[in-house]
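Q: Questions regarding the structure given below will be posed in turn.
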Amino acid sequence: MVHGLINSLEEKKAEDVVLLDLKDIAIFTDYFIICSGTSNRMLNSLVRSVRETAKKKFNIIGKKEGEPQDGWITLDYGDVVVHIFSPKNRAYYQLEKLWEKGRLLLKLK
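Residue numbers are given in numbering that gives the first Met the number 0: position 40 of the sequence shown equals residue 39, and the series is strictly consecutive.
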């Protein structure tokens, strides 16, 4: 599932995609996928793409929190949580730094 969601983000030109393995340090999820989009329109497109992929390919409907205008949207699929940020909010919240004890599995520019 993780790679399917990452592929959907790549197809929509998500920026700075990161995959963190949190299995050994978090009890609420196994993976974080973190990425950025440059506009509200792009953030919306990334959210829509991930949700469609999860539903069509994996028959999963996750919980969505946040809106593009908020600059941070989370899509929670249990074992995988997708964080879609505006560049400003990603720099502010620094999830990669907060969860740096997780294992970096993938980093795409």
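Positions of the beta carbon are idealized from the N, C-alpha and C atoms, including for glycine.
(1) Where do the N-terminal and C-terminal ends of the alpha helix (DSSP H) with residue 21 fall, by residue?
(2) Which runs of the beta strand (DSSP E) fall wholly inside the segment 18-94 and span at least 3 residues, in chain order?
(3) Using CA atoms only, rank isn't needed, just tell me which of 21, 60, 14, 29 is closest to residue 85.
(4) Just tell me which of 55, 75, 28, 82 has its CA closest to the CA of residue 42.
(5) DSSP puts residue 106 in a beta bridge; with which residues?
(6) Just verifying my parser: in three-state terms, what is the DSSP assignment at residue 96?
(7) My output table needs one value for residue 101: the three-state DSSP class, helix, strand or coil.
(8) Would you please state the rounded distance, in angstroms, between the beta carbons of residue 73 and residue 64? I believe it to be under 8 Å.
(9) Alpha carbon to alpha carbon, how far is residue 76 from residue 60?
A: According to the structure shown:
(1) Element bounds for residue 21: n/a, residue is neither H nor E.
(2) You should have 30-35, 62-64, 71-75, 79-84.
(3) For the residues 21, 60, 14, 29, the minimum Cα distance to residue 85 belongs to 14.
(4) For residue 42, the nearest C-alpha among the options comes from 82.
(5) Beta-bridge analysis with DSSP links residue 106 to 17.
(6) Three-state DSSP puts residue 96 in a helix.
(7) In the three-state reduction of the DSSP assignment, residue 101 falls in the coil class, being assigned neither a helical nor a strand state.
(8) The pair is a contact, with the Cβ atoms about 5 Å apart (cut-off 8 Å).
(9) So the two alpha carbons sit approximately 7 Å from each other.
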